[in-house]
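Peer 1: Let me begin by handing over the structure; questions about it come next.
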Amino acid sequence: ELEKKIGITPLNPPLSGGQLGIAHTRWATHGQPTEDNAHPHTDCQKKIWLAHNGIIENYQELKSKLEAKGHKFISQTDTEALAHLLEDLYDGNLTSTLIKALKIIKGAYGLVLYHADEPDKLLAARCGSPLVLGLADDETIIASDVSAIIRYTKQVIYLDDNEVAEINGGGLKIYNLKNEEVAKRTDVIDWNVAESEKGGFPHFMLKEIFEQPASITNSLRGRIVLEEGKAKLGGLEEVERRLREINKIVIVACGTAKHAGLVGEYMFEEYAGVPTEVDYASEFRYRKPVLDNKTLVIAISQSGETADTLAAVREAKEKGALTLGIVNVVGSTIARETDAGVYNHIGPEISVASTKAFTSQAAILALMAVMLGRQRQLSLVMGQRIVRELAELPDKITEILKSSEAIKTIAEKYYQFKHFAYLGRKYNQPVALEGALKLKEISYIHAEGFPSGEMKHGAIALIDENFPALVIIPADSVYEKNYSNLQEIKARGGQIIAVATPGDERIKQAADEVIYIPKTLEMLTPILASIPLQLFAYHMAVLNGRDVDKPRNLAKSVTVE
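Each residue of the sequence shown is one higher than the one before, counting from 122 in our numbering.
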């Protein structure tokens with residue numbers, strides 16, 4: 122899209138030589154995606170160059186003051202205000218100047234900058250937007266996500282908020298905003314480069330869908346105690362006493378992670394007997410949540426850097442709640458700032474559309490429900506049954522993946538439709554939301570997810586022969602009610618794609634297309650039912666010629682609020 126707007130052509134000849142560089146794949150927050158608004162930004166003298174991820178909230182005030190002093194702005198961005206502020210404050214030392222500037226600006230930032238008068242120095246700073254330093258043999262790499270670094274080194278340092286890194290020929294120093302040097306720990310990333318490559322698949326998304334038998338295995342490894350019907354989550358051992366005392370659970374997350382949280386809500390209430398609610402992380406702070414030291418707040422984020430989720434964690438900690446993280450990236454901000462947590466252990470997820478993270482998050486929430494349930498009301502027999510079924514998930518997912526070509530055939534019949542409804546009840550209502558999200562975010566086809574019982578309260582007015590419905594209807598406790606809703610769609614001429622349990626002859630007769638998933642416990646059906654919806658969305662996007670791994674206007678880690 123940007124290439125179409127500003128006519129980008131490949132660098133010819135390619136860049137060569139030089140000892141440092143700055144670049145930024147920009148998510149537009151201030152100003153259109155144009156060449157003038159692209160990073161890096163500079164000052165009037167073109168001596169300071171900086172790239173910035175985040176939002177400077179007081180940039181208009183700064184811009185007005187700087188323009189009054191004669192500074193000339195050429196972009197519409199908030200970032201340029203920082204470049205001119207640094208020019209105004211520069212005292213011959215870029216590090217001390219940056220620290221002064223950071224005390225003036227308000228908002229979130231992850232930034233890298235350079236000054237022509239100090240050509241051997243590169244600075245990086247963080248507040249509310251992630252930055253990671255990669256330490257290779259003869260170079261230092263600065264990135265907002267470790268996935269950009271692992272092909273060069275596995276040795277990393279995570280900057281914390283209000284820290285400045287100074288990189289020069291003499292090495293690396295890190296300062297706080299008091300201009301005091303800070304000692305930092307070096308972490309080792311346990312991913313390998315091959316895990317972040319496509320491995321023969323046409324897209325990362327398809328590779329990651331097919332990795333789910335392995336990723337679920339990794340998420341469960343060492344965490345199931347079959348004989349005792351328990352889950353062992355080492356990351357939670359230090360807070361086990363407090364977990365026994367909680368009387369309320371709040372799950373905060375965004376997007377796909379929130380849908381996993383909705384699955385967890387059903388699990389915690391049914392099997393642990395603890396009242397649970399799920400909040401949009403972006404809205405959590407604004408409703409003045411009632412929390413105390415017996416409230417457990419669970420933050421779910423694949424990257425561990427989601428800005429809204431991190432803000433929700435900080436709000437919860439201020440109110441005295443116990444905070445836990447479910448994240449994939451070791452050492453990420455949410456992992457560091459929560460009281461305890463559980464890692465997904467699924468390796469890098471490169472495609473913007475999340476797949477294996479969702480199923481892993483749901484599996485970990487099931488483990489947590491078992492752990493909390495066995496502390497309270499869950500019987501040994503039921504605990505054993507749940508963990509046994511969890512252990513069988515990888516094989517059942519492998520069976521579902523064999524139907525990828527059949528699902529592609531279904532997609533070939535429907536890829537030109539412009540609207541879809543996704544319906545599910547109880548545990549599969551969140552799956553309907555997730556399936557609709559997958560379709561809309563990578564194929565750009567309008568899709569709405571509904572609880573099946575809500576359809577007759579308005580959404581049924583949309584149903585006709587041009588508005589197909591995808592109904593998640595396994596053989597579970599709400600099957601008959603779901604079947605009634607399916608018949609209501611059929612009576613209005615709607616085409617039906619059903620996700621059902623093998624041997625269901627009624628669905629075979631009633632639906633236009635059926636995708637079968639193996640039988641499992643009702644609480645675990647969301648994990649299995651999500652797989653065919655991921656494949657359907659993938660094939661629909663490919664048939665429509667979309668950029669599956671990098672859909673327009675979306676970013677993998679949303680690090681601005």
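Glycine residues also receive a C-beta, built at the ideal position from the N, C-alpha and C atoms.
Verify whether the separation of the beta carbon atoms of E569 and A582 is less than 8 Å.
Peer 2: No; because the gap between Cβ atoms is not below 8 Å, this pair is not in contact.
Peer 1: Quick one, are the C-beta atoms of I337 and A378 less than 8 Å apart?
Peer 2: Going by C-beta atoms, I337 is not nearer than 8 Å to A378.
Peer 1: Among P396, I652, Y464, L656, which one has its Cα closest to the Cα of P515?
Peer 2: Checking every option, the nearest Cα to that of P515 belongs to I652.
Peer 1: If S573 sits next to R613, beta carbons under 8 Å apart, how far is it from one beta carbon to the other, in whole angstroms?
Peer 2: Not quite, the Cβ-Cβ distance comes to about 15 Å (not below 8 Å), so this is no contact.
Peer 1: Classify S265 as helix, strand or coil using the three-state DSSP reduction.
Peer 2: Three-state result, S265: coil.
Peer 1: If we call anything under 8 Å between Cβ atoms a contact, is L417 one with A442?
Peer 2: Contact flag set, yes.
Peer 1: Buried or exposed for D164, please, with buried defined as at least 16 other CB atoms from any protein chain shown within 10 angstroms of its CB.
Peer 2: D164 comes out buried.
Peer 1: According to DSSP, what are the bridge partners of T444?
Peer 2: Paired residue(s): V418.
Peer 1: Kindly identify the DSSP beta-bridge partner or partners of Q166.
Peer 2: Paired residue(s): none; Q166 is not in a bridge.
Peer 1: Would you be able to state if there are at least three C-beta pairs under 8 Å between the stretch 241-254 and the stretch 270-290?
Peer 2: Segments in contact, yes.
Peer 1: Pick out whichever of K224, E391, Q482 has its Cα sitting closest to the Cα of S500.
Peer 2: Measuring from the Cα of S500, the nearest candidate turns out to be E391.
Peer 1: Determine the DSSP secondary structure at P572, reduced to helix, strand or coil.
Peer 2: Strand at P572.
Peer 1: Which runs of the beta strand (DSSP E) at least 3 residues long sit entirely within the stretch 428-488? Give them in chain order.
Peer 2: Those beta strand (DSSP E) runs which fall completely within the stretch 428-488 and span 3+ residues are 443-448, 461-464.
Peer 1: Report yes if the C-beta distance between L293 and L252 is below 8 Å; otherwise report no.
Peer 2: Contact: no.
Peer 1: Contact defined as beta carbons within less than 8 Å: I believe A590 pairs with G615. What is the distance between those atoms, to the nearest angstrom?
Peer 2: Yes, A590 and G615 are in contact; Cβ-Cβ is about 5 Å, under 8 Å.
Peer 1: On the three-state DSSP scale, how would you describe Q333?
Peer 2: The answer is helix: DSSP assigns Q333 an H, G or I state.
Peer 1: Who does N289 pair with in a DSSP beta bridge?
Peer 2: N289 pairs with G292.
Peer 1: Assuming F405 is part of the alpha helix (DSSP H), what are its boundary residues?
Peer 2: Per DSSP, F405 belongs to the alpha helix (DSSP H) from 402-405.
Peer 1: What number of angstroms, rounded off, separates the C-alpha of H192 from the C-alpha of G175?
Peer 2: Approximately 23 Å, taken between the alpha carbons.
Peer 1: Between S250 and the rest of its own chain, which residues show a CB-CB distance below 6 Å, the 5 nearest in sequence each way excluded?
Peer 2: Once the five neighbours on either side are set aside, the close Cβ partners of S250 are N174, G175, A229, Y230, G231, T680.
Peer 1: Around the Cβ of P410, are there at least 16 other Cβ atoms within 10 angstroms (buried) or fewer (exposed)?
Peer 2: Flag for P410 reads buried.
Peer 1: Which residue from Y235, Q166, N603 puts its Cα closest to that of F194?
Peer 2: Checked all of Y235, Q166, N603; the closest Cα to F194 is Q166.
Peer 1: Counting only the same chain and skipping the five closest in sequence on each side, list residues whose C-beta sits under 7 Å from that of S564.
Peer 2: The residues are A658, M661, A662, N665, R667.
Peer 1: Cα separation between N297 and H540?
Peer 2: Each residue's alpha carbon lies about 52 Å from the other.
Peer 1: Expressed to the nearest angstrom, what Euclidean distance is found between the alpha-carbon atoms of F331 and V434?
Peer 2: The straight-line gap from Cα to Cα measures roughly 32 Å.
Peer 1: Output needed for N603: all residues of its chain with C-beta closer than 6 Å, excluding positions within five of it in sequence on either side, in chain order.
Peer 2: Taken in chain order, the residues that qualify are R546, S573, I594.
Peer 1: Here's the rule I'm using: 16 or more other beta-carbon atoms within 10 Å means buried, otherwise exposed. How should G128 be labelled?
Peer 2: Residue placement at G128 is poorly supported in this model, since its pLDDT is 47, which falls under 50; the coordinates still yield a value, given next. Exposed is the call here.
Peer 1: A542 by DSSP, collapsed to three states: which one?
Peer 2: If DSSP states are grouped into helix, strand and coil, A542 belongs with the strands.
Peer 1: Among residues of its own chain, excluding the 5 on either side of Y548, which ones have a beta-carbon nearer than 7 Å to its beta-carbon?
Peer 2: Counting only Cβ-Cβ distances below 7 Å, and skipping sequence neighbours, we find V384, Y387, E643, M644, T646, P647.
Peer 1: Can the beta-carbon of I143 be found less than 8 Å from the beta-carbon of V277?
Peer 2: The answer is no: Cβ separation not under 8 Å.
Peer 1: Cα-Cα, which of L656, V473, K629, L560 is closest to S525?
Peer 2: It is L656.
Peer 1: Confirm, please, whether the CB-CB distance from F479 to A557 is below 8 Å.
Peer 2: It is not a contact, given that the beta carbons lie outside the stated cut-off.
Peer 1: Just tell me which of G213, D238, L207 has its CA closest to the CA of K224.
Peer 2: Cα-wise, what sits closest to K224 is L207.
Peer 1: Which one of E426, Y464, K369, R342 has the shortest CA to CA distance from L412?
Peer 2: When only C-alpha atoms are compared, the closest one is K369.
Peer 1: Check this for me: beta carbons of L256 and T307, under 8 Å apart or not?
Peer 2: Going by C-beta atoms, L256 is nearer than 8 Å to T307.
Peer 1: Please report the residue range of the alpha helix (DSSP H) in which R689 lies.
Peer 2: The structure shown has nothing for residue 689, since the chain only spans 122 to 682.
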